[in-house]
Amino acid sequence: MGKSSAGVYIHIPFCRRKCVYCDFHSVPGRETVIGDYVDSVIGEIRENAGLLKGKEVVSLFFGGGTPSLLEPRHVGRILDACARYFHCASSMEISIEANPESVTVPRFRGYKKAGVNRVSVGIQSLDDDSLALLGRIHTADKARRSVDVIFNTGFANVSADLMFALPGQSLDKWITQLEEVVTWNLVHLSCYELTVGPSTRLAGMVSSGEITPRGDNLEFFKATEKTLGKHGFSHYEISNYAIPGGECVHNLGYWLYRDYLGVGAGAHSKISSRRWANVKSIGGYMTRIAKSGKAVYRSETLLPETTRYEKLMLGLRLKDGVLERDISPSPELDALVSEGWLKRSSGKIRASDRHWPLLNSVLERL
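The numbering used here puts the sequence shown at residues 50 to 415.
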């Protein structure tokens, strides 16, 4: 019997400055403890290796924060530990998120040598005023140069993150940015609408009237799909586009509801019917790992009906949809199909082309 697949996520909570929109767990000004933190990450990998027994790790993702603040030796030590304690696929996708200001030739040569084979770079915008408004500490020119460095140090599987519907951003400016980015030979693009998380600095700026969010952003969504489509990018997930074969294996694992082990402060895991989260505090995380090899502060057992509901919620984000046999039937689901919001085809349910951009409305009804 073959092994089931799983992913491993390594959370790197360090950053140089927290962006105004960021609602991920990240802490600026703690770079001096990175070495000790990496020791703890390796300790957690070692003590929890049995959780992935019988599973093949097909993807490993360094997320954050700013993972590109790690030295190559840190990345190498973590990857060595994963190879030692997990059953890793020979073709395992190994991704690292990077911010342009931390991209250097020696660092990325080192990442390549350590085994990293995919880079996701946080461009966000090619407009300096927008970057300043978002709290980013790189410029548009630095973003362009960082992509050149990544390619020149031997990486071919390169993705970029961009944000649309920014304050003051016109549709024409957004399309102009996309038309430039598609000339960079990227194989993947993540294009996100700016959202206002309740605990972010951006929320305070909106509340005070300093920033006024845009209203209906459907035109940006449609223009993104059209512009990238004519350059060969397939719109495979609601916010993600790829040259065929360039889809992100790790993130597909989340949308397909595969198991994943999260390692690091604030990391989340889901294996079989159990889901848990690590303590967020960097110091608290390292203390707990030193004592017991575990840093769990919250866990739950997933009931079958919860699993089926979440498979539907995540699967509808994919262009291909979700297998109907994996979800629970319901009158509301049938109503959405009858009304044309959802479509049944080849044993799957997916959002209709017309209503996919309005997925949140579908999810609210479900």
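By construction, the Cβ of each residue, glycine as well, lies at the ideal position given by its N, Cα and C atoms.
Note that the structure is a prediction, hence the values are computed from the model and not measured.
With residue i as the anchor, note down where its alpha helix (DSSP H) starts and where it stops.
{"i": "V165", "result": "No alpha helix (DSSP H) contains V165, which DSSP labels as neither H nor E."}
{"i": "K222", "result": "L220 to V230"}
{"i": "C297", "result": "Here C297 belongs to no alpha helix (DSSP H), and DSSP marks it neither H nor E."}
{"i": "E96", "result": "I83 to E96"}
{"i": "N234", "result": "Neither: N234 is in no alpha helix (DSSP H) and is coded neither H nor E."}
{"i": "I338", "result": "I331 to S341"}
{"i": "E413", "result": "L408 to R414"}
{"i": "N206", "result": "First-last for N206: undefined, no H or E at that position."}
{"i": "E268", "result": "L267 to G278"}
{"i": "S387", "result": "P380 to S387"}
Of all the CB atoms in chain B, is at least one closer than 8 Å to the CB of residue i?
{"i": "S151", "result": "The structure shown has no chain B; it contains just one protein chain."}
How would you label residue i, buried or exposed, when you count the other beta carbons within 10 angstroms and need 16 or more for buried?
{"i": "T350", "result": "exposed"}
{"i": "E150", "result": "buried"}
{"i": "L412", "result": "exposed"}
{"i": "A209", "result": "buried"}
{"i": "L352", "result": "exposed"}
{"i": "R185", "result": "buried"}
{"i": "P116", "result": "buried"}
{"i": "G92", "result": "buried"}
{"i": "P62", "result": "buried"}
{"i": "T202", "result": "buried"}
{"i": "R357", "result": "buried"}
{"i": "T418", "result": "Outside the shown range of the chain, which is 50 to 415, sits residue 418, and nothing can be said about it."}
{"i": "A205", "result": "exposed"}
{"i": "G84", "result": "exposed"}
{"i": "E146", "result": "buried"}
{"i": "S174", "result": "buried"}
{"i": "T273", "result": "buried"}
{"i": "G295", "result": "buried"}
{"i": "G278", "result": "exposed"}
Taking C-beta to C-beta, are residue i and residue j nearer than 8 Å?
{"i": "F110", "j": "H299", "result": "yes"}
{"i": "W233", "j": "V198", "result": "no"}
{"i": "R79", "j": "I331", "result": "yes"}
{"i": "A326", "j": "Y309", "result": "no"}
{"i": "R414", "j": "E381", "result": "yes"}
{"i": "A138", "j": "V106", "result": "yes"}
{"i": "L363", "j": "W304", "result": "yes"}
{"i": "R399", "j": "K368", "result": "yes"}
{"i": "F135", "j": "A163", "result": "no"}
{"i": "G302", "j": "S108", "result": "yes"}
{"i": "E359", "j": "Y290", "result": "no"}
{"i": "K392", "j": "V371", "result": "no"}
Could you pull the start and end residues of the beta strand (DSSP E) that residue i belongs to?
{"i": "G311", "result": "D308 to V312"}
{"i": "T350", "result": "V345 to T350"}
{"i": "N327", "result": "R323 to N327"}
{"i": "K360", "result": "Counting along the chain, K360 falls outside any beta strand (DSSP E), though it belongs to the alpha helix (DSSP H) covering P353 to G364."}
{"i": "S377", "result": "From DSSP, S377 is part of no beta strand (DSSP E); its letter is neither H nor E."}
In the DSSP output, what is residue i paired with across the bridge?
{"i": "E242", "result": "F213"}
{"i": "K392", "result": "R399"}
{"i": "I61", "result": "G113"}
{"i": "N148", "result": "For N148, which the question treats as bridged, DSSP gives no partner whatsoever."}
{"i": "V106", "result": "A55 and C137"}
{"i": "H317", "result": "A326"}
{"i": "L372", "result": "K397"}
{"i": "G171", "result": "D210"}
In angstroms, rounded to a whole number, what distance separates the CA positions of residue i and residue j?
{"i": "Y160", "j": "L407", "result": "39 Å"}
{"i": "G113", "j": "H60", "result": "5 Å"}
{"i": "T355", "j": "G56", "result": "21 Å"}
{"i": "S288", "j": "I172", "result": "15 Å"}
{"i": "V231", "j": "K343", "result": "43 Å"}
{"i": "R323", "j": "S348", "result": "7 Å"}
{"i": "E242", "j": "S53", "result": "34 Å"}
{"i": "I143", "j": "R167", "result": "6 Å"}
{"i": "H404", "j": "S410", "result": "9 Å"}
{"i": "P378", "j": "E286", "result": "23 Å"}
{"i": "T81", "j": "C64", "result": "12 Å"}
{"i": "R95", "j": "D176", "result": "44 Å"}
{"i": "F213", "j": "L128", "result": "34 Å"}
{"i": "L100", "j": "I320", "result": "8 Å"}
{"i": "T153", "j": "G333", "result": "32 Å"}
{"i": "L118", "j": "A130", "result": "19 Å"}
{"i": "Q218", "j": "L227", "result": "13 Å"}
{"i": "P461", "j": "G103", "result": "The first residue shown for the chain is 50 and the last is 415, placing residue 461 beyond what the model contains."}
{"i": "F269", "j": "H280", "result": "17 Å"}
{"i": "V312", "j": "V87", "result": "11 Å"}
{"i": "R133", "j": "M141", "result": "14 Å"}
{"i": "D402", "j": "I224", "result": "21 Å"}
{"i": "G315", "j": "M335", "result": "12 Å"}
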